[in-house]
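Single-structure report; data block below.
Residue numbers (our numbering), protein chains in the order written: chain B, 7 to 494; chain Z, 7 to 494.
Laid out in structure tokens, this is it:
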């Protein structure tokens, strides 16, 4: 009997051959032309919706047409994170081997819930966790899990901290504790901590946001004050988050001092190194992470500075067994692994259940380049960051942050120019993408981060030109506005 | 100046061309040979670890060798979920267009945090959410989000319920409520509810596990009793989960009755249709889901019955705005979308922050096949399930569950045969994969589920043969054991 499901879902052999060829052609065409595309364009949602609703979904449009539709949509109707002049959030150009890995994973479709289903994927991920843990100097054996992204990794850390600090948390929840738990992050920390605290039933108010000093690093004095006040008020401090590479300005908290504070108060010390932990791969930068070895857990996103496609978060922890205590459950229907303590069923060690094999893209990229290659690639981006900083200073922008990482916060010298408006002008040019943020005391800043390994010096020069044009236009409109003002 | 990062991460043009060719060759070779591989083999972890630690990670091994290593590992050292005789957990053979989509997403690397970054991906996902919501009969506009999997979708539902039911939950957490919240699931529900309840700070004990009737459906009488007792004890019931397609036996709770109970008590009604909601795509099966339109939220995993690669969970909700209330945060560094209320920044509507474009694999598979094609493909698998059931009965196995979905629970007639031992024998044969579970009253059962669209009738016959051999061997060993027993 003929199996129609197989033809429909696998496609006939010739059709599949055509689709693979078209796929590779499309990817190659994108890779060779992305530098010339506008980084971002204004997209009219109604146009996209119309295109979608015009498809004949009842009968389907076939593989070639569907592929073509997706390629056109991805190319014409979105911002291009791989673009060399995307100086944006921490979204990289993908490594080719990361793309290869995601395709392999999709085709083999391993299920990372039960060890007995996915021994090779399990070992690959265990290997990566161990290797990256060692690079950070975490005491061996390092445990950990791959995550959908940094938000899940930070969320996982919060749950680890709750579960290890409060034995009744697992069965009884937050109401079984003797008081309200509190956690500590800096003003420059990523807001995924707030989402995680809310999701863990602590509430947004449990996140104590500590001011930073002039270098955008958490103020140790303010932290101690806050801790003392909270303890006096009967709160239960249980987690201190150090940021290693803040989203706005790449700032790195004083990790050794934070480790000491956490240890003195008996609280869990988590380092959010989603972007910045990559400094551990470059010998001359690893000093930036001094103290990270003392963390109870670390967030490290390979889909940021390591240029692996999204999402490849890692949560590393030096507490063997903690993940199992936090996430373990028993079921009748899941296969049971053997008794070897080095084998774990991933679903008992993570927020997820059946999980995509995330680690392969990290492994394949690392195995291809080696640590030496990775260090060289990161060095290039760091060098571009340094150059950008120098060029901005030469073009008379005020640089507002100080870091060896390739992220520059800056503003026009003088008064009256709307920083968000400047960022908008750059974005609207289509020639580059930067954003606006706020630093210490709410000071508005432009933010340019070298995230694409494609970025070269010519791209920096083009950004400077675009910025100068935007600044000149903005100054003109400031003058016009002032001239229109009635005299007093 | 030469950019070494580009060569290292993108690879040189010729090297990349070779890698693409090797990738497609490897996938095609796997697709054409997987039917002949052992479904599962005993894997010695130390062998895998040795292979990994023998790699020269300092200098890297280059793209071709790395790819070959991964392909060998994925092929030789794991269970094959795409295998036609993988009668296993809900892990499918991947649709080819799903593989294509995952490769596109990896190469373009859209970032689904900010709308302004990913308009096309955002609209594609919004479109899919709307279309699948309509198939389930949820009132429009349907809101929702793609998730890493069903565990995240169920977790999201739990947070929606908490956030909508308890206004102080967001800022004050669980301790700010007037009592301990409680949720209700059946014995046959997926245990991700327990993980989610724990992760939300409710504690495992907040999950009230309600017994099932002889058809493995939640007992309405027991549910009412439990609710009344909890209310009397001052607990705060807030969430009722109906299962549509239980993991063990495919059971579907009486959804209309559950909707009525939930409505009467003013609690959120979530349906976990991770696998079973796919019945909505087959007109003659959609009656199984009667009542699902009344759900406040639904979990529907496209990486289960819809044969999309992992992970493609969907959380659908008829409460417009609820996701934004549950997950919204404000930051200085994220770009702001416009004021159009149909545009959302995905990071404010999901547990995740920067997210992979999950929806493309669902969209591309659906657009290629159409709803008609999907119905036909699902019908085939349902037909194989029916055939398997008939063949098992003919071969004198006792079938223990009753469902139109392709999942059969069964046991050998007569006493004394260890069911887990039988499953192990089948797995060890390498010729098929089934598992053991426990049904009503803890009765052990064998479980075979048609999850691969490759499964044909010959595969069913082979499974029956393997089962008969395993049963005969098991009977022999029962007899041997009994002969060895001393007479009383």
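For each residue, glycine too, the CB sits at the ideal point set by N, CA and C.
Rounded straight-line distance, which links the Cα of residue j to that of residue i
i: residue 206 (chain B); j: residue 164 (chain B); result: 8 Å
i: residue 385 (chain B); j: residue 140 (chain Z); result: 51 Å
i: residue 270 (chain Z); j: residue 235 (chain Z); result: 16 Å
i: residue 225 (chain Z); j: residue 231 (chain Z); result: 10 Å
i: residue 472 (chain B); j: residue 438 (chain B); result: 8 Å
i: residue 194 (chain Z); j: residue 97 (chain B); result: 41 Å
i: residue 318 (chain Z); j: residue 52 (chain Z); result: 32 Å
i: residue 197 (chain Z); j: residue 8 (chain Z); result: 54 Å
i: residue 49 (chain Z); j: residue 327 (chain Z); result: 48 Å
i: residue 82 (chain B); j: residue 36 (chain Z); result: 34 Å
i: residue 254 (chain B); j: residue 243 (chain Z); result: 42 Å
i: residue 429 (chain B); j: residue 179 (chain B); result: 45 Å
i: residue 112 (chain Z); j: residue 266 (chain Z); result: 44 Å
i: residue 109 (chain Z); j: residue 118 (chain Z); result: 16 Å
i: residue 30 (chain B); j: residue 75 (chain Z); result: 21 Å
i: residue 395 (chain Z); j: residue 125 (chain Z); result: 47 Å
i: residue 73 (chain B); j: residue 132 (chain B); result: 35 Å
i: residue 191 (chain B); j: residue 449 (chain B); result: 20 Å
Collapsed DSSP secondary structure at residue i in the structure displayed
i: residue 359 (chain B); result: coil
i: residue 308 (chain B); result: coil
i: residue 404 (chain Z); result: strand
i: residue 274 (chain B); result: strand
i: residue 418 (chain Z); result: strand
i: residue 324 (chain B); result: coil
i: residue 3 (chain B); result: With chain B running from 7 to 494 in the structure shown, residue 3 (chain B) is simply not present.
i: residue 119 (chain Z); result: coil
i: residue 544 (chain Z); result: Lying outside 7 to 494, the shown extent of chain Z, residue 544 (chain Z) is not represented and no answer is given.
i: residue 30 (chain Z); result: helix
i: residue 348 (chain Z); result: coil
i: residue 371 (chain Z); result: helix
i: residue 339 (chain Z); result: coil
i: residue 155 (chain Z); result: coil
i: residue 92 (chain Z); result: strand
i: residue 39 (chain B); result: helix
i: residue 64 (chain Z); result: coil
i: residue 303 (chain B); result: strand
i: residue 447 (chain B); result: helix
Opening and closing residue of the beta strand (DSSP E) in which residue i lies
i: residue 114 (chain Z); result: Here residue 114 (chain Z) belongs to no beta strand (DSSP E); instead the alpha helix (DSSP H) covers 102-114.
i: residue 204 (chain B); result: Premise fails: residue 204 (chain B) lies in the alpha helix (DSSP H), 198-205, not in any beta strand (DSSP E).
i: residue 242 (chain Z); result: 242-249
i: residue 497 (chain Z); result: Chain Z is shown from 7 up to 494; residue 497 (chain Z) falls before or after that span and cannot be answered.
i: residue 213 (chain B); result: 213-216
Sequence-distant residues of the same chain with beta carbon closer than 6 Å to residue i, five excluded per side
i: residue 369 (chain B); result: 130, 134
i: residue 19 (chain B); result: none
i: residue 248 (chain Z); result: 259, 261, 264, 277
i: residue 107 (chain Z); result: 366, 367, 370
i: residue 409 (chain B); result: 256
i: residue 353 (chain Z); result: 119, 359
Same chain, Cβ closer than 8 Å to residue i, five either side skipped, listed in chain order
i: residue 331 (chain B); result: 169, 170, 176
i: residue 17 (chain Z); result: 25, 69
i: residue 463 (chain Z); result: 390, 393
i: residue 495 (chain Z); result: Coverage of chain Z is limited to positions 7 through 494, which leaves residue 495 (chain Z) absent and any answer about it impossible.
i: residue 383 (chain B); result: 313, 375, 459
Segment limits, alpha helix (DSSP H) that includes residue i
i: residue 452 (chain Z); result: Unbroken run through residue 452 (chain Z) is the beta strand (DSSP E), 450-455; no alpha helix (DSSP H).
i: residue 432 (chain Z); result: 425-435
i: residue 132 (chain Z); result: 125-141
i: residue 185 (chain Z); result: Careful: residue 185 (chain Z) lies outside any alpha helix (DSSP H) and carries neither H nor E.
i: residue 475 (chain Z); result: 463-490
Own chain partners of residue i with C-beta closer than 7 Å, once the 5 adjacent residues on each side are dropped
i: residue 174 (chain B); result: 182, 183
Within 7 Å of chain Z by C-beta, residues of the segment 192-209 of chain B in sequence order: 197, 198, 200, 201, 204, 205, 206, 207, 208, 209
If contact means a Cβ-Cβ distance below 7 Å, which residues of the segment 383-396 of chain B contact chain Z? 383, 386, 387
What residues in the segment 455-467 of chain B bring their beta carbon closer than 7 Å to a beta carbon of chain Z? 459, 460, 462, 463
What are the residues in the segment 292-316 of chain Z lying within 8 Å of chain B by C-beta distance? 309, 313, 315, 316
Closer than 8 Å between beta carbons: that is the criterion. Which residues of the segment 211-238 of chain Z meet it against chain B? 211, 212
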